[in-house]
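Visitor: Residue numbers (our numbering): 910 to 982.
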Amino acid sequence: ELSLDSIARTQNKVRTAPLWGVRLRPRLMHDQASLTLRDAIVRHAGEASAVTARFHRLSLREQQAIITFLRSL
910 ELSLDSIART QNKVRTAPLW GVRLRPRLMH DQASLTLRDA IVRHAGEASA VTARFHRLSL
970 REQQAIITFL RSL
């Protein structure tokens, strides 16, 4: 239901775009400032900061496996 309360709760939130077709996008993120998938992952903050931290704890090989998977979408 749309109300002023629901608008106030979501006004500072950005909805993540679906990942299908991400390999075809030349720029990433809501502001289109990321040119690489790695940069887009690293730039996530706020509610996604825990996931970003987990990505940083992965080995470079594991990080690359994620990037390779994303490039297949």
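All C-beta atoms in this analysis are idealised placements derived from N, C-alpha and C, irrespective of residue type, glycine included. Please read all numbers here as calculations on a predicted model, not as lab measurements.
Please report the Cβ distance between Leu928 and Arg936, rounded to the nearest whole angstrom; I am assuming they are in contact, meaning their Cβ atoms lie under 8 Å.
Guide: Wrong, their Cβ atoms sit about 15 Å apart, outside the cutoff.
Visitor: Just to confirm, is the Cβ distance from Leu946 to Arg980 under 8 Å?
Guide: For Leu946 and Arg980, yes; Cβs fall inside 8 Å.
Visitor: So who's on the other strand from Ser943, going by DSSP bridges?
Guide: BP columns for Ser943 point to Leu937.
Visitor: Taking Phe964 and Ile950 to be in contact with their CB atoms under 8 Å, please state how far apart those CB atoms are, rounded to whole angstroms.
Guide: That pair is a contact at about 5 Å.
Visitor: Which stretch, first to last residue, makes up the alpha helix (DSSP H) that contains Leu979?
Guide: Start and end: Leu969 to Arg980.
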